[in-house]
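Chemist: Each residue of the sequence shown is one higher than the one before, counting from 22 in my numbering.
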Amino acid sequence: MIDKERLTTILDSTHKRDKTEKLEAFSKILDPKLKTVVESIFPTPVYRAIMDREFTKEELDFVNNEKNKCTKNQGNINTKDNYILNREEFKNIKSFLNECCKDYLEKIICPKYNTKLNITQSWLNYTEKDQYHHQHAHPNSVVSGVLYFNGDKQDKILLHSTKGYEPIIVEKEKFNQWNSATWWFPAEIGELIMFPSSTFHQVEVKQGETTRISLSFNSFYKGALGSDIGLTGLII
Ligand SMILES: [Fe+2]
């Protein structure tokens, strides 16, 4: 079972603004006096889940050991093994992530036919103080996820709006989901965050002495997509 107290704490720290602003930012803006409402359409889903247990010693030893078998990325390092969820030591973690992919598919994508969302590549990232993870997205993937193994309290992931170039900039008094070009979430140990792979994201220069360790993965559809009658039929 998920630790409900921890879930509440994490969901309460959902973003950087205060609680009142958070309520406005994550739901409709209702104004009973004016009898108006601001709705949101076509939002970007950000799926967050929490491991229902601590990491085992075997998993943590494995994660720490793989740090010696890395390749250099732009601002940090990642494992040479980029199918790391196939390793025996990650068997249970892979089951948890598969469960979350299934849940994401059922809750957000809602396929009509027999479509699955399978994990493809997966790797570990290690970021030390003063290092960073450059801004990027994940091509050839539908949904990407990050699970946090280690880090400091202030560690976070920064996501960028999919709107692209903003031709007009207005200075903001306060931020909400309609006027922000970026949004961040805390990188809590044991927490998983999943989002569409086309969403650009990054880790800013790391503060704090603890090595930030995360597992990233990509996914792709397996099964029936589209519709034959709509000439979008595709079975993969
Ligand atoms: Fe990434």
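Think of the CB as a built atom: it goes at the ideal place given N, C-alpha and C, for glycine as much as any other residue.
Predicted model, so just to flag it, every value in this text is computed and none were measured.
#1: On the criterion of 16 or more Cβ atoms from any shown chain inside 10 Å, does S165 qualify as buried, or is it exposed?
#2: How close, in whole Å, do the beta carbons of S218 and S162 come, if the pair is a contact with beta carbons under 8 angstroms?
#3: Grouping DSSP H, G and I as helix and E and B as strand, with all else coil, what is C91?
#4: As a quick exercise: from K56, L255, W204, pick the residue whose alpha carbon is nearest that of T65.
#5: Please confirm whether any heavy atom of ligand 1 lies closer than 7 angstroms to the CB of S237.
#6: Measure the CB-CB distance between F241 and N107 and report whether it falls below 8 angstroms.
#7: Nearest by alpha-carbon distance to K150: which of K88, Q228, F238 is it?
#8: Consult DSSP for F63 and reduce its assignment to one of helix, strand or coil.
#9: Assign A260 to buried or exposed, taking buried as 16 or more other Cβ atoms, counted over all protein chains shown, within 10 Å of its Cβ.
#10: Please state if the CB of T148 and the CB of V224 are separated by a distance shorter than 8 angstroms.
#11: Spell out the partners DSSP gives F196 in its beta bridges.
#12: In or out: F111 buried (at least 16 other Cβ within 10 Å) or exposed?
#13: First and last residue of the alpha helix (DSSP H) that includes D151?
#14: Identify the residues that DSSP records as bridge partners of A245: which are they?
#15: Under 8 angstroms, do S235 and F170 count as touching if we go by C-beta distance?
#16: Roughly how many whole angstroms lie between the Cα atoms of H154 and N146?
#17: Buried or exposed: which applies to F63, given that a residue is buried once 16 or more other Cβ atoms fall within 10 Å of its Cβ?
#18: Label V167 either buried or exposed according to how many other C-beta atoms from any shown protein chain fall within 10 Å of its C-beta, with 16 as the threshold for buried.
#19: Using only the heavy atoms of ligand 1, determine whether one of them is closer than 7 angstroms to the beta carbon of S165.
#20: Ligand 1 and H222: does any heavy atom of the ligand fall closer than 7 angstroms to the residue's C-beta?
#21: Excluding the 5 residues preceding and the 5 following M22 in the sequence, name in chain order all residues of the same chain whose CB lies nearer than 7 angstroms to its CB.
#22: Restricting to runs no shorter than 4 residues, where is the alpha helix (DSSP H) found entirely within the segment 95–150?
Modeler: Reading from the atomic positions:
#1: buried
#2: 4 angstroms
#3: strand
#4: W204
#5: yes
#6: no
#7: Q228
#8: coil
#9: Since the displayed the chain opens at 22 and closes at 257, residue 260 lies outside it and no answer follows.
#10: yes
#11: Paired residue(s): none; F196 is not in a bridge.
#12: buried
#13: Element bounds for D151: n/a, residue is neither H nor E.
#14: I256
#15: yes
#16: 9 angstroms
#17: exposed
#18: buried
#19: yes
#20: yes
#21: Because the pLDDT at M22 is just 37, under 50, the model does not fix this residue reliably, and the point stays unresolved.
#22: 112–125
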